[in-house]
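Participant: Dropping a structure here in structure tokens format, bear with me for questions.
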Amino acid sequence: MMQTLDDQALDQLFRTARTHSAWQPRDVTEETLRRLYDMVRMGPTSANCCPARFVFVRSTAGKDKLLPCVSAGNADKTATAPCTVIVAYDKRFYDQLPTLFPHTDARSWFTGSEAFAEQTALRNSSLQAGYLILAARAMGLDTGPMSGFDSEAVDQAFFAGTDWTANMLVNLGYGDEAGLKPRLPRLAFEEACQLA
């Protein structure tokens, strides 16, 4: 039976967790990234489609390819982040469905409609990006998700000749709390929710 997480865990995941723009000079190891993905991949997606693909940009060469693709406002935080995750999705994610969802011909649901496949891939890879952020926080890492980048340039630099396309970027590492600004407001239940 599932139990409610304690306040310390809820604080770490949500209440005191912050989006970081400044980073400590601490490496995020390949072992850590593998453990992170092992958690992320367990999150549910529709029809277990798992369309997200992740590029963990850590090397100087990788950053040199990525930095020209990000907006000016995101350049410094991306340059100094120990790792920037390109969260992409595979436009042909459905080719994996015979393995991922074997009890029916789910592949055929998507091969007849490129628009439906694209919508499903975008929606579910965004969901998987959310899992990435929460799994990173659970592991003691900080994140800084971004959408300020040229997706076509990222696709050309990293995914030319593939069916992958960029969805969002997430800086990843150990945040420098000195770089935090006051928390911005959030909408109240009455402003964002309805009971039906």
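Using the UniProt record's numbering, the letters of the sequence shown map in sequence onto residues 1 to 196. Every residue, glycine too, gets a C-beta built ideally from N, C-alpha and C.
(1) Alpha carbon to alpha carbon, how far is alanine 136 from glycine 43? Give it in angstroms, no decimals.
(2) Say whether the stretch 68-78 touches the stretch 139-154, bearing in mind that this needs 3 or more beta-carbon pairs closer than 8 Å, one atom from each stretch.
(3) Label leucine 97 either buried or exposed according to how many other C-beta atoms from any shown protein chain fall within 10 Å of its C-beta, with 16 as the threshold for buried.
(4) For glycine 175, name the three-state secondary structure that DSSP assigns.
(5) Between which two residues does the alpha helix (DSSP H) holding aspartate 7 run?
(6) Using the Cβ count rule (16 or more neighbours within 10 Å means buried), how would you classify proline 78?
(7) So, for cysteine 83: in the same chain, excluding its five sequence neighbours on each side, which residues have a beta-carbon less than 8 Å away from its beta-carbon?
(8) List the endpoints of the continuous beta strand (DSSP E) containing phenylalanine 14.
(9) Applying the criterion that 16 or more other CB atoms from any shown protein chain within 10 Å of the CB defines a buried residue, is glutamine 128 buried or exposed?
(10) What three-state label does DSSP hand arginine 41 in the structure shown?
(11) Please state the DSSP three-state secondary structure of threonine 29.
(12) Please identify the residue among Leu100, Lys91, Thr99 whose C-alpha is closest to the C-alpha of threonine 111.
(13) Could you check where the alpha helix (DSSP H) with residue 231 kicks off and where it finishes?
(14) Decide yes or no for the touch test of the stretch 179-189 against the stretch 10-25: beta carbon pairs closer than 8 Å, at least 3 of them.
(15) Are there 16 or more other CB atoms within 10 angstroms of the CB of aspartate 6, so buried, or fewer, so exposed?
(16) Which value, in whole angstroms, describes the spacing of the CA atoms of glutamate 152 and alanine 166?
(17) Does the Cβ-Cβ distance between methionine 168 and valine 87 come in under 8 Å?
(18) Determine whether the beta carbon atoms of cysteine 49 and phenylalanine 93 lie at a separation below 8 Å.
(19) Do aspartate 176 and glutamine 24 have their C-beta atoms closer together than 8 Å?
(20) Does the distance from the C-beta atom of lysine 89 to that of alanine 47 stay below 8 Å?
Facilitator: Short version:
(1) About 13 Å.
(2) Touching, yes, given that three or more Cβ pairs across the two stretches are closer than 8 Å.
(3) Its Cβ being crowded by 16 or more others within 10 Å, leucine 97 is buried.
(4) Residue state, collapsed to three classes: strand.
(5) Its alpha helix (DSSP H) spans residues 7-10.
(6) This sequence places threonine at residue 78; proline is not what is there. Classification of threonine 78: buried, given that the 10 Å Cβ count is 16 or more.
(7) Contacts found: Val28, Leu33, Phe56, Val57, Arg58, Asn171, Leu172, Gly173.
(8) Boundaries cannot be given for phenylalanine 14, as no beta strand (DSSP E) includes it and DSSP labels it neither H nor E.
(9) Buried, because 16 or more other Cβ atoms sit within 10 Å of the Cβ of glutamine 128.
(10) Coil, per DSSP.
(11) In the structure shown, threonine 29 adopts coil according to DSSP, grouped into three states.
(12) Minimum Cα distance to threonine 111 is reached at Lys91.
(13) Any question about residue 231 goes unanswered here, given that the chain covers just 1 to 196.
(14) Here the stretch 179-189 makes contact with the stretch 10-25; the two share three or more CB pairs at distances below 8 Å.
(15) The residue is exposed, with fewer than 16 neighbouring Cβ atoms inside 10 Å.
(16) Spanning the two alpha carbons is a distance of roughly 8 Å.
(17) If you check the CB distance, methionine 168 and valine 87 come in under 8 Å.
(18) Going by C-beta atoms, cysteine 49 is nearer than 8 Å to phenylalanine 93.
(19) In this structure, glutamine 24 lies closer than 8 Å to aspartate 176 by Cβ.
(20) The sequence as given places tyrosine at residue 89; lysine does not occur at that position. Going by C-beta atoms, tyrosine 89 is not nearer than 8 Å to alanine 47.
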